[in-house]
Amino acid sequence: MDLQNHFGVDIGAQLILSNIPMIDGVHQIIEKTSIRATLNESNKKATRHLDRSKCKNIPLSDILFDPQTSGGILAIVPKTKATKLCKVLSNDIAPSSKLIGTIKFNKSGIFIS
Numbered sequence: 009m010d011l012q013n014h015f016g017v018d019i020g021a022q023l024i025l026s027n028i029p030m031i032d033g034v035h036q037i038i039e040k041t042s043i044r045a046t047l048n049e050s051n052k053k054a055t056r057h058l059d060r061s062k063c064k065n066i067p068l069s070d071i072l073f074d075p076q077t078s079g080g081i082l083a084i085v086p087k088t089k090a091t092k093l094c095k096v097l098s099n100d101i102a103p104s105s106k107l108i109g110t111i112k113f114n115k116s117g118i119f120i121s
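Counting from 9, one number per residue, gives the positions in the sequence shown under this note's numbering.
Right, dumping it as structure tokens:
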């Protein structure tokens, strides 16, 4: 929520968990075991900004906090340019590029569906 603090306005994000690229096999490991991120306990404080009430797979959403399986580049791009940018990136530079959500103004928090 650093953007909210920086700009001084209510700003949030709606993330679509199924659009977030993950390493092959992560889904199966999380579904079949109780293995979580190595920093799972200390990462729980970051979840205070999360609303997972519409999330279909809450255990899988924990992967968002794992430094071993998350990462890459996250960019805020105008909606009118996002699809084209993703297409260019996925064709030439970063094959796993995806639109993973939208920014919500006047609505603070991170909403995962």
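For every residue, glycine included, the Cβ atom is placed at its ideal position computed from N, Cα and C.
Residue ranges of uninterrupted beta strand (DSSP E) with 3 or more members are absent from the segment 59 to 104; none lies entirely inside it.
Cβ-Cβ distances below 6 Å link Ala-90 to Leu-107 in the same chain, with the five nearest sequence neighbours on each side left out; the list follows chain order.
Counting along the chain, the unbroken alpha helix (DSSP H) around Ile-37 starts and ends at 34 to 40.
By the Cβ-count criterion, Ile-31 is exposed, with fewer than 16 other Cβ atoms from all chains shown falling within 10 Å of its own Cβ. In this structure, His-35 sits near Leu-68, with a CB-CB distance shorter than 8 Å. Annotation: the continuous beta strand (DSSP E) that includes Lys-112 extends over 109 to 113. Under the 10 Å beta carbon count, Ser-61 is surrounded by fewer than 16 other beta carbons and is classified as exposed. In this structure, Gln-22 places its C-beta atom within 8 Å of the C-beta atom of Lys-112. Taking C-alpha positions only, Asp-100 is separated from Leu-82 by approximately 17 Å. Ile-120 is bridged by DSSP to Leu-23. Here the alpha carbon of Ile-28 sits roughly 9 Å from the alpha carbon of Gly-109.
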